[in-house]
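There are 2 protein chains.
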Amino acid sequence: MGHPIEDRTLLVAEPASDTKTRLLGVAERLFAEQGFDGVSVRQLTAAAGVNLAAVNYHFGSKEGLLAAIFEQRCRPMNEERLRRLSDCAEHAHRPPMLEQIIAAFIAPALASSADRGGGRAAFTRLRATLSVEHNELARRLIARHFDATSQRFVAALGRAVPHLSRAELYWRFHFLLGALYYSMINPSRIAYLSDGICDPADVEAVLTQMVPFIATGFRAPSLDRSSRGRARRGRRGE
Amino acid sequence: MGHPIEDRTLLVAEPASDTKTRLLGVAERLFAEQGFDGVSVRQLTAAAGVNLAAVNYHFGSKEGLLAAIFEQRCRPMNEERLRRLSDCAEHAHRPPMLEQIIAAFIAPALASSADRGGGRAAFTRLRATLSVEHNELARRLIARHFDATSQRFVAALGRAVPHLSRAELYWRFHFLLGALYYSMINPSRIAYLSDGICDPADVEAVLTQMVPFIATGFRAPSLDRSSRGRARRGRRGE
DNA sequence: ACCCGCTTAAAACAATCGTTCGATGCGTTT
DNA sequence: AAACGCATCGAACGATTGTTTTAAGCGGGT
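Chains A and B are the protein sequences, given in the same order.
If you count the first sequence from 1, position 117 lands on 97 in the working numbering, and the numbers rise without skipping.
If you count the second sequence from 1, position 90 lands on 70 in the working numbering, and the numbers rise without skipping.
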């Protein structure tokens, strides 16, 4: 009962494709499940059905493979996030602005339609897993690829919930990230605790449950009385 | 700029104590920061200023050391959680019941007063870090030591917010865990994004910010129309 | 003084890690 | 047909992992 998914990877081979793309897909999944340090190059190449030296040949190093995964995934995902963010608008028969923004941030991180092999959820889980490990490269990759988008969303959230101070805004965005990541990182815990009622693998359910919870949390009144004035004055640019 | 805390551990020796307790303290902190697999026995013993073989001598194995940390921390922490939970009551000049319950769950996980060396926050961070790694022992330890308490809190939350279905209740408890854990796991991300405004190391601030956010989220209306009736009927025992 | 337990010390253990090397096969170009 | 570039292969590299082994140190009881 150790790592069933890993075994399945060995049995069900990827559809016919070249070594490079096969490695990218398998590595994304295995890294997401077991962490970067938790997967050896030997496990990885065995699961992908390629030679041990293939990783270093095609990507230079194990870290190069990780960077390649980011290069492949980040751009389309951020583009979809920003596109959905720019589509947000107040309309009579649409959800409130705040819910739209939060959904625009979360949904592209879970969407499984785009690519093969687990899709976006695997990549989100990968980022969540990496955020724990002390991998300097991973930290740089995340910062480089996601800082701009995150700041855009914090700014949009600030406009949707103008009563919050800057600190409160960042805190609540941080809690949003935590709820999202933890759902990806540790899906077994809630499935076990809830006796199977909740299934984090069901991305539809995660989205449905998370958006109203987080949005309502954002609407909680500001407690920081000293910064309520600062919030009115200060936040203009960005 | 790699792992400054690790270096500090090397310089500032623990106060005079025997090898066993010194190892426990150093290991808790190092495991919390770099993960179980991320810390070698050699790093660990060097940081504690003891011989390499001390871990295996006193705890049998590296995993035995981890189990010992759990044995030491879990009981007092759960006792404090349950004690604070039983103290929750509706009074005129106290926070609402829901806020009290959430604070009773979170505060003992952050309290730094109880023990030396980082205190509870380090242990919470350790659990969060372990929840990512695929360490079978860690999963068993968490399940064995925290399942009962978690179920008690879910039940209490269900009474405080009776409009939720069982699934929604577990989901929101799951988001609560995520927000709490992520604050411990990845404190640098929000500090960086917020340009230093938010400091997750300030446990007081985490508590102040988190409780109203989560509590308000719990009060979001139920979306699961089919289970709203089930919530009225079903949830009685436990 | 001797022996005994408990703890610490240094050294070595087998196993596994990421990476590199040289040889081989295959397809295209000259 | 010869020569070349590219991908893959098995094998080995040095380094590091957790653990074990063996010897030495120390304190108290007979």
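Note that beta-carbon positions come from the ideal geometry of N, C-alpha and C, so glycine has one too.
Quantities reported herein were computed from a predicted structural model and do not represent experimental measurements.
Run down chain B in chain order and give the residues with a C-beta less than 8 Å from the C-beta of residue i.
| i | result |
| --- | --- |
| S20 (chain A) | The premise fails here: S20 (chain A) is roughly 11 Å from chain B at the closest Cβ pair, so nothing lies under 8 Å. |
Is the beta carbon of residue j closer than 8 Å to that of residue i?
| i | j | result |
| --- | --- | --- |
| V134 (chain B) | F153 (chain B) | yes |
| D204 (chain A) | S111 (chain A) | no |
| Y150 (chain B) | I81 (chain A) | no |
| F50 (chain B) | H125 (chain B) | yes |
| V141 (chain B) | L45 (chain B) | no |
| A47 (chain B) | L106 (chain B) | no |
| R137 (chain B) | F193 (chain B) | According to the sequence displayed, residue 137 (chain B) carries Leu and not Arg. Contact flag unset, no. |
| A200 (chain B) | S174 (chain A) | no |
| A108 (chain A) | M190 (chain A) | no |
| R9 (chain B) | A28 (chain B) | no |
| V21 (chain B) | L32 (chain B) | yes |
| L24 (chain B) | R132 (chain B) | no |
Thinking just about the alpha-carbon of each residue, which of the options is nearest to the one in residue i?
| i | options | result |
| --- | --- | --- |
| Y162 (chain A) | A:A12, A:A147 and A:E60 | A:A12 |
| E184 (chain B) | B:F193, B:P56, B:L173 and B:A91 | B:A91 |
| V30 (chain A) | A:E43, A:D17 and A:V6 | A:V6 |
| P167 (chain B) | A:G158, A:I170, A:R63 and A:M164 | A:G158 |
| G99 (chain B) | B:D(-2), B:T(-1), B:R22 and B:D182 | B:D182 |
| T129 (chain B) | B:M164, B:A101, B:I86 and B:H143 | B:I86 |
| R139 (chain A) | A:L65, A:S20 and A:A102 | A:L65 |
| F103 (chain B) | B:Q52, B:A69 and B:E43 | B:Q52 |
| V56 (chain B) | B:A89, B:T1 and B:D179 | The sequence shown places Pro at residue 56 (chain B), rather than the Val named in the question. The candidate whose alpha carbon is nearest that of P56 (chain B) is B:A89. |
| G18 (chain A) | B:E116, B:Q23 and B:D179 | B:E116 |
| N58 (chain A) | A:V186, A:S(-3) and A:D127 | A:D127 |
| A84 (chain A) | A:L187, A:S202 and A:T196 | A:L187 |
| T(-1) (chain B) | B:F16, B:V21, B:H38 and B:Q131 | B:H38 |
| R119 (chain B) | A:R132, A:H143, A:R169 and A:R74 | A:R169 |
| H143 (chain B) | B:S202, B:S(-3), B:P180 and B:A69 | B:S202 |
| A123 (chain B) | A:N36, A:E60, A:A171 and A:A123 | A:A171 |
| E43 (chain A) | A:A69, A:A195, A:F16 and A:C68 | A:F16 |
In the structure shown, what three-state DSSP assignment does residue i receive?
| i | result |
| --- | --- |
| V183 (chain B) | helix |
| R199 (chain A) | coil |
| F39 (chain B) | helix |
| D175 (chain B) | coil |
| S220 (chain B) | One cannot answer for residue 220 (chain B) here, as it falls past the ends of chain B, which runs -19 to 218. |
| D(-2) (chain A) | coil |
| I170 (chain A) | helix |
| G18 (chain B) | coil |
| V112 (chain B) | helix |
| D204 (chain A) | coil |
| L32 (chain B) | coil |
| G99 (chain A) | coil |
| I(-15) (chain A) | Confidence at I(-15) (chain A) is low in this model, with a pLDDT of 33, below 50, so the placement of that residue should be treated as unreliable; the coordinate-derived value is given next. In this structure, I(-15) (chain A) counts as helix in the three-state DSSP scheme. |
| G214 (chain B) | Any reading at G214 (chain B) must be qualified, since the residue scores a pLDDT of 41, below 50, and its modelled position is unreliable; the value itself is stated next. In this structure, G214 (chain B) counts as helix in the three-state DSSP scheme. |
What does residue i reach in chain A if we use C-beta pairs closer than 7 Å?
| i | result |
| --- | --- |
| D17 (chain B) | D17 and G18 |
| T129 (chain B) | Within chain A, no residue comes near T129 (chain B); the closest Cβ sits about 11 Å away, beyond 7 Å. |
| P192 (chain B) | A200 and L203 |
| Y161 (chain B) | G158 and Y162 |
Output, in chain order, the set of chain A residues within a Cβ distance shorter than 9 Å of residue i.
| i | result |
| --- | --- |
| A147 (chain B) | S174, I177, C178, A185 and Q189 |
| L32 (chain B) | Here the premise fails: no neighbours, minimum Cβ distance about 21 Å. |
| Q14 (chain B) | E113 and H114 |
Taking C-beta pairs closer than 9 Å, name the residues in chain B that residue i reaches, listed in chain order.
| i | result |
| --- | --- |
| A257 (chain A) | The shown model of chain A, from -19 to 218, leaves out residue 257 (chain A), and the question about it has no answer. |
| R132 (chain A) | Simply none; closest approach about 12 Å. |
Can you name the residues of chain A whose CB is closer than 8 Å to the CB of residue i?
| i | result |
| --- | --- |
| R107 (chain B) | Per Cβ cutoff of 8 Å: no residues; R107 (chain B) is ~11 Å from chain A at best. |
| T196 (chain B) | T196, G197, R199 and A200 |
Consider the C-beta atom of residue i and the heavy atoms of the ligand FAD; say whether any pair is separated by less than 7 Å.
| i | result |
| --- | --- |
| A48 (chain B) | No copy of the ligand FAD occurs in the structure displayed, which carries no ligand at all. |
Using a Cβ cut-off of 7 Å, pull out every chain B residue sitting near residue i, in sequence order please.
| i | result |
| --- | --- |
| S41 (chain A) | Within chain B, no residue comes near S41 (chain A); the closest Cβ sits about 18 Å away, beyond 7 Å. |
| Y221 (chain A) | Outside the shown range of chain A, which is -19 to 218, sits residue 221 (chain A), and nothing can be said about it. |
(message) Could you tell me which whole alpha helix (DSSP H) segments of length 4 or greater appear in the stretch 34 to 94 of chain B?
(response) 34 to 39, 42 to 67 and 77 to 90
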